[in-house]
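There are 2 protein chains.
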Amino acid sequence: MKNLPWGFRFAGVHCGIKQDAAKEDLTLIVSDEPCVAAGVYTTNLIVAAPVQLDRQRTPMADARVLVANSGNANACTGERGARDSREMAQRAALACGAEERQSLVMSTGVIGHFLPMAKIAQGIESAVSRLGRDEAAWLSAARGITTTDRSPKIACRSLTLRGREVRVAGMAKGAGMIGPRMATMLGIIMTDVRLSVDNAQRSLQAAVDRSFNCISVEGHMSTNDTVLLLASGTAQAEAIDGDDLRQFQAALDDVCVELAKMIPDDGEGATHLITIDVRGCASREAAYRIAVSVANSALVKSGVAGNDPNWGRVVSAAGYAGVPFDPQKLQLKLNGTVVFREGGPASFDAKALSQCMRDNRETHLELEFGEGNDEVRYWTSDLTVDYVKFNSAYTT
Amino acid sequence: MKNLPWGFRFAGVHCGIKQDAAKEDLTLIVSDEPCVAAGVYTTNLIVAAPVQLDRQRTPMADARVLVANSGNANACTGERGARDSREMAQRAALACGAEERQSLVMSTGVIGHFLPMAKIAQGIESAVSRLGRDEAAWLSAARGITTTDRSPKIACRSLTLRGREVRVAGMAKGAGMIGPRMATMLGIIMTDVRLSVDNAQRSLQAAVDRSFNCISVEGHMSTNDTVLLLASGTAQAEAIDGDDLRQFQAALDDVCVELAKMIPDDGEGATHLITIDVRGCASREAAYRIAVSVANSALVKSGVAGNDPNWGRVVSAAGYAGVPFDPQKLQLKLNGTVVFREGGPASFDAKALSQCMRDNRETHLELEFGEGNDEVRYWTSDLTVDYVKFNSAYTT
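For the record, the sequence lines run as chains A and B. If you read the first sequence in my numbering, its first letter stands for residue 480, the second for the next number, and so on. If you read the second sequence in my numbering, its first letter stands for residue 480, the second for the next number, and so on.
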C-alpha cells in the first residue's frame with residue numbers, strides 16, 4: 480500500500496453525520512494540479528442530487544477536488560437537495576483554492592433526508608487541515624465513504640510504462656442497497672498516469688462493465704451508484720495511448736475487479752461469495768442476462784447459503800433469463816464438479832459437494848452453453864437469515 | 480362449495496410419492512363427455528416433461544382425463560422423463576375408457592428425479608375407484624396437487640347465463656418455486672359452460688394475464704407452471720359468445736384472481752400479502768414492468784416484513800424498471816397514506832404507519848405515475864427470515 484498514485488492528497492474525518500464519533504463520515508481528495516476525471520453512474524431513473532451534479536461535469540480535463548460524505552445519500556430531496564450538493568461542492572472547492580466547477584461530490588446513506596450542511600461545512604474545514612499523502616490519510620479517506628461495510632475496501636496496482644513506474648489505486652464502499660434505508664455503491668479510482676479525457680472515460684467504462692456492473696447483492700439498483708476515475712498525470716509528461724493504454728486498462732480492470740468482488744463478499748449477512756461464469760454464449764449481452772438471472776435468484780442464493788448443490792435452481796434461473804439456448808447442450812459445474820449435462824442431472828456425490836461448499840467461502844458456478852464464444856464473469860453473495868434480519872429491522 | 484361444475488368427477492389419493500401416508504399425492508379429474516381444454520404454460524426455456532406433453536395437446540375439443548401428481552416434478556429428466564409422462568397420461572386414459580390423446584398430465588415437486596411409475600400406476604387404479612362428484616372428492620383432488628401449501632387453494636363462482644345457472648371452479652397450488660427443491664404453480668379451472676376451443680384458449684389467457692401472471696413470491700419462474708381450463712359444456716347446449724362470453728370471462732377472472740392471490744399469501748414464511756397497484760402508465764407493459772421490479776425487490780419485501788414504511792426502496796425499485804417516467808409526477812401511497820410526492824417524501828406519521836402495517840396482513844402499495852391511463856395490479860409476499868431458513872435447509 481506504499482505505492483499510492485502521485486499528485487493526490489487524502490483525508491477522512493468525522494463531522495457528526497454518523498452517530499459514532501469514532502467513524503469517519505466525510506472524505507476529501509485533492510489533486511495538486513488539475514486532473515482528468517471520468518465518471519460512470521447509476522442508470523436508475525431516480526438519481527440522487529450528487530449524481531446529477533457529477534454527471535453534468537464529467538468527463539472533464541481539470542478536476543481538483545472530490546468531496547464525499549457517508550450517512551446521508553441526499554437522494555429524493557428535490558430542489559433543496561440539488562442546492563445542497565452544489566453548496567457542498569462549492570465549499571470544498573473554496574477551501575482548496577479551486578474553482579467551483581472543478582469540484583465533484585458523492586453522498587451515500589439514508590434516502591430522503593436533507594444534508595446537515597453545517598456539519599458538512601465544518602467537516603470540509605477539518606478535512607482540509609488534515610490532508611496527507613501517506614497510507615494513514617488514504618485509509619481514513621477510504622473509511623469516510625463506508626456505511627455498513629465491515630472494513631474499507633481498497634486495491635492498488637503499479638505497472639511500468641515507458642520505463643517508469645505508475646500507479647492505480649482505488650477505494651469502494653457498499654453493495655447495491657444492502658443496509659436498512661442505506662443506498663449506494665461508490666468507487667473512486669486514482670492514477671498518476673496521464674490520460675486524455677476521452678481515453679479516461681472509455682477506459683473507466685470498460686473497466687466498470689466487467690467489474691462493478693457484474694456484481695449484485697440483492698439486485699436492487701441504488702439511486703447513488705457512482706464510480707469516478709481521477710488521473711493526475713503526475714508520473715508522465717504525455718498522455719498514453721496504444722500498447723501503454725492497453726497495459727493501463729489491464730491494471731485498471733484488475734483494481735476495479737478486486738474492489739467489485741469485495742462488495743458482495745461483504746454483502747449483509749453473506750456467508751459465501753458466489754462467482755458465476757457464463758460461457759459459450761452467442762453474445763456478451765446474452766451471457767450477461769443469464770448471469771444476472773442466476774445471480775438474482777433468491778432460491779439459488781438461499782440454496783448456496785445452505786450448502787445445497789441444487790443444480791435445478793441454477794438451470795431453471797438460466798431458463799427464464801429470456802435468452803434462447805438448447806438445454807441439451809448446457810453443462811453446469813459447481814465448484815468444479817459437473818452436476819448437469821445433456822438435459823439432466825449428472826451423477827455426483829451430493830454429500831461431498833455440499834461439504835465442499837461448506838468448507839469454502841467462494842462458490843463457483845460455471846455454465847457452458849455451447850452456443851458461441853462470448854462469456855461473462857459475475858459475482859454475488861448468498862442470501863442468509865442475517866440479510867433478512869438486518870433489512871427488516873425497523874426502528875423509527 | 481356445493482356448486483361444483485357439472486360433468487366432472489374428481490379423486491385424490493395417496494400412492495406413496497409423498498412420505499406422509501396421510502397426504503394425497505395423485506389427483507384424477509375425469510370429464511363424463513369430451514370437454515374443451517385450454518392451457519397456459521411456463522415461459523421458462525427449461526420445461527418439464529408434462530408441460531411439453533400438454534403444450535402439444537391443448538387447446539383441444541375432446542379432453543377426457545387430467546392426471547396430476549405432487550412430490551415429483553418430472554423436470555430435467557430427459558428422454559425417460561418424456562416417456563414417463565406419456566405413460567402416465569396413457570394409463571389414466573385407459574383406466575377411464577378414454578383414448579390416450581384425450582389425456583392431460585401435470586407433475587409438481589422435486590426436480591431431476593424420475594417418476595416412480597409403479598406407484599403412479601397403482602395410484603391411478605386407486606383413484607379411478609374413488610371418483611366422485613361431491614365436495615369431499617373435490618377437496619381430496621385439490622389436496623393431491625399441493626406440496627408445501629398450508630392448505631388446498633380452491634375458488635368457485637356461479638352465474639346465470641341465458642336464464643340458467645352455470646359454474647366455474649378452480650384449484651391451485653404452490654407459489655413459484657417456494658419450497659426446497661420444489662417447483663411449480665399449478666391451476667386447474669373447470670366449468671360447465673359450453674365454449675368453443677378458440678374462446679376457451681383466449682378466455683384462459685386473458686384471465687391468467689391478470690391473475691397468475693401477476694403474482695410472485697421470489698420471482699423464480701418454475702419449469703412446470705401450468706394452468707388448464709376444462710369446459711364440459713354440460714349445462715348448455717350451445718357454445719356461448721357475445722355478452723354471455725363477457726360475463727363468463729368476468730367470473731373466470733374472479734376465480735383466477737382469488738386463487739392467484741392465495742399463492743403469495745401462502746408464500747413460504749410470508750407474514751404479509753403485498754398488493755401493488757401501478758396506475759397512470761403509458762402502457763400496460765410499462766405498468767407491469769414497474770410492478771415486477773417493485774415486487775421482486777428483496778429490500779422492498781424485507782422492509783414490509785419489518786413493518787417499515789420505507790418509500791425509498793419502492794421508489795428506487797420503480798426507478799430501475801427500465802420504464803421512463805417523471806419522478807416529480809410520481810405519487811406513492813402505502814396503506815392509503817401518501818408517503819412520496821413531487822420528487823420527495825411527504826410528511827407522514829412513520830410510527831403510526833408502521834403500526835398499521837403490523838396490524839394488517841395485507842400491505843397496499845399504490846404508485847400513480849400521471850403518464851397515461853394503463854394500470855396493473857400485482858401481488859407478492861414479504862421476505863422473512865423463515866423464507867430463507869426454509870430454502871437454505873439442506874439435507875442430502
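Note that CB positions come from ideal geometry on N, CA and C, so glycine has one too.
Who pairs with His843/B in a beta bridge, going by DSSP? Translated into positions along the second sequence, residue 843/B becomes position 364. Bridge partners of His843/B: Thr754/B.
Close-in-space but distant-in-sequence residues of the same chain around Thr469/B (CB under 6 Å, 5 per side omitted): Nothing about residue 469/B can be read from this structure; chain B reaches only from 480 to 875.
Mind checking if Glu821/B is an interface residue toward chain A, Cβ cutoff 8 Å exclusive? Counting from one through the second sequence, the residue named residue 821/B turns up at place 342. Yes, Glu821/B lies at the interface with chain A (some Cβ there is under 8 Å from its Cβ).
Suppose the cutoff is 6 Å on Cβ atoms and the five residues either side in sequence are ignored; what does the same chain contact list for Leu520/A look like? In the first sequence, counting from the first residue as 1, residue 520/A sits at position 41. Note that residue 520/A is Tyr in the sequence shown here, rather than Leu. If we look at Tyr520/A and ignore the five residues flanking it on each side, its Cβ neighbours are Val530, Arg534, Thr705.
Is Val793/A close to chain B? Criterion is C-beta to C-beta, closer than 8 Å. The count along the first sequence starts at 1 and reaches residue 793/A at position 314. Judged by the 8 Å Cβ criterion, Val793/A is not in contact with chain B.
Please give the ranges of any alpha helix (DSSP H) in the region 808-857 of chain A, keeping only runs that are unbroken, at least 4 residues long and fully inside the region. 829-838
Minimum Cβ-Cβ distance from Cys555/A to chain B less than 8 Å: Start at 1 with the first residue of the first sequence, and residue 555/A comes out as number 76. The beta carbon of Cys555/A sits closer than 8 Å to some beta carbon of chain B.
Buried versus exposed, by CB contacts within 10 Å (16 or more), Pro803/B: Working through the second sequence from its first residue, we reach residue 803/B at position 324. Result: exposed.
Taking Gly576/B as the reference, which of Cys494/B, Val509/B, Glu697/B, Met596/B has the closest Cα? Along the second sequence, read from residue 1 onward, the residue named residue 576/B stands at position 97. Among Cys494/B, Val509/B, Glu697/B, Met596/B, the Cα nearest to that of Gly576/B belongs to Val509/B.
In whole angstroms, what is the alpha-carbon distance linking Ile633/B and Ala774/B? Working through the second sequence from its first residue, we reach residue 633/B at position 154. Working through the second sequence from its first residue, we reach residue 774/B at position 295. Between Ile633/B and Ala774/B, the C-alpha separation is close to 24 Å.
Along the region 563-592 of chain B, where does the CB come closer than 7 Å to a CB of chain A? Name the residues. Ile590, Gly591
Opposing strand residues paired with Ile713/A [DSSP bridges]: As a position in the first sequence, residue 713/A is number 234, starting the count at 1. The amino acid occupying residue 713/A in the given sequence is Thr; Ile does not appear at that position. In the DSSP assignment, no residue is bridged to Thr713/A.
Taking Asn553/A as the reference, which of Gly823/B, Asp865/B, Tyr866/B has the closest Cα? Locating residue 553/A in the first sequence gives position 74, counting from the first residue. The shortest Cα separation from Asn553/A among Gly823/B, Asp865/B, Tyr866/B belongs to Gly823/B.
In or out: Gly746/A buried (at least 16 other Cβ within 10 Å) or exposed? Start at 1 with the first residue of the first sequence, and residue 746/A comes out as number 267. Flag for Gly746/A reads buried.
Which residues mark the beginning and the end of the beta strand (DSSP E) in which Leu505/B is found? If you number the second sequence from 1, residue 505/B lands on position 26. Looking at the DSSP string, the run of the beta strand (DSSP E) that includes Leu505/B is 505-520.
When every heavy atom of the ligand FMN is checked, does at least one fall within less than 7 Å of the C-beta of Val773/B? Ligands in the displayed structure: none, and consequently the ligand FMN is not present.
Please list, in chain order, all residues of the same chain as Leu507/B whose beta carbon is under 6 Å from its beta carbon, the five residues on each side excluded. Position 28 of the second sequence holds residue 507/B. Closer than 6 Å at the Cβ level, and outside the excluded window around Leu507/B, lie Ala490, Val546, Ala606.
Is the region 759-767 of chain A touching the region 726-740 of chain A, taking contact as three or more C-beta pairs under 8 Å? no
Contacting residues, own chain, Cβ-Cβ under 6 Å from Ala888/B (five flanking each side not counted): Any answer about residue 888/B is impossible in this case: the structure gives chain B only from 480 up to 875.
Under 8 Å, Cβ to Cβ, is there at least one residue of chain B near Met596/A? Working through the first sequence from its first residue, we reach residue 596/A at position 117. Closer than 8 Å: no.
Does any C-beta atom of chain B lie closer than 8 Å to the C-beta of Pro513/A? Taking the first sequence and counting its residues from 1, one reaches residue 513/A at position 34. So no, Pro513/A is outside the interface.
Ranges of the alpha helix (DSSP H) found wholly within the region 695-751 of chain B, counting only runs of at least 4: 721-744
Simplified DSSP assignment, three categories, for Phe691/B: By 1-based counting over the second sequence, the position of residue 691/B is 212. If DSSP states are grouped into helix, strand and coil, Phe691/B belongs with the helices.
Report yes or no: is there a C-beta of chain B within less than 8 Å of the C-beta of Ile525/A? Reading the first sequence from its first residue, position 46 is the one you call residue 525/A. For Ile525/A, the answer is yes, since a Cβ of chain B falls inside 8 Å of its Cβ.
Is Ser695/B buried or exposed, if buried means 16 or more other CB atoms sit within 10 Å of its CB? On the second sequence, position 216 is the one that residue 695/B refers to. It is buried - the Cβ of Ser695/B has at least 16 other Cβ atoms within 10 Å.
Is the beta carbon of Asp723/B sitting closer than 8 Å to the one on Arg641/B? In the second sequence, counting from the first residue as 1, residue 723/B sits at position 244. In the second sequence, counting from the first residue as 1, residue 641/B sits at position 162. Going by C-beta atoms, Asp723/B is nearer than 8 Å to Arg641/B.
Where Asp821/B and Val793/B are concerned, what is the direct C-alpha to C-alpha distance, given to the nearest angstrom? Counting from one through the second sequence, the residue named residue 821/B turns up at place 342. Counting from one through the second sequence, the residue named residue 793/B turns up at place 314. In the sequence as presented, Asp is not what sits at residue 821/B; that position holds Glu. Straight-line Cα distance between these residues: approximately 15 Å.
Going by beta-carbon coordinates alone, are Gly550/B and Ala528/B separated by less than 8 Å? The sequence position of residue 550/B within the second sequence is 71, counting from 1. The sequence position of residue 528/B within the second sequence is 49, counting from 1. Contact: no.
Between Glu697/B, Val676/B, Gly623/B, which lies nearest to Gly495/B when the distance is taken from Cα to Cα? By one-based count along the second sequence, residue 495/B stands at place 16. Gly495/B has its Cα closest to that of Gly623/B, out of Glu697/B, Val676/B, Gly623/B.
For the region 687-714 of chain B, list every residue whose C-beta sits within 9 Å of some C-beta in chain D, in sequence order. Structure shown: chain D not included; protein chains present are A and B.
Which residues in the same chain have their Cβ closer than 6 Å to the Cβ of Lys497/B, if we skip the five residues on either side of it in sequence? Within the second sequence, numbered from 1, the residue matching residue 497/B stands at position 18. Closer than 6 Å at the Cβ level, and outside the excluded window around Lys497/B, lie Asp504, Gly550.
Could you tell me which chain B residues have their CB closer than 7 Å to the CB of Ser781/A, listed as they occur along the chain? The residue labelled residue 781/A in the question sits at position 302 within the first sequence. Result: Val867, Asn870, Ser871.
Ser860/B CB to nearest chain A CB: under 8 Å? Position 381 of the second sequence, counting from 1, holds the residue named residue 860/B. It does not: the Cβ of Ser860/B has no partner Cβ on chain A nearer than 8 Å.
C-alpha gap between Pro513/B and Arg840/B, whole angstroms: As a working mapping, residue 513/B is identified with position 34 in the second sequence. As a working mapping, residue 840/B is identified with position 361 in the second sequence. Taking the straight line joining both Cα atoms gives about 43 Å.
Using a Cβ-Cβ distance cut-off of 8 Å, determine whether Leu532/A contacts chain B. The residue given as residue 532/A occupies position 53 in the first sequence. Residue-level contact by beta carbon fails for Leu532/A and chain B, as no gap is shorter than 8 Å.
To the nearest angstrom, how far is the alpha carbon of Gly518/A from that of Arg768/A? One-based indexing of the first sequence puts residue 518/A at position 39. One-based indexing of the first sequence puts residue 768/A at position 289. Approximately 24 Å, taken between the alpha carbons.
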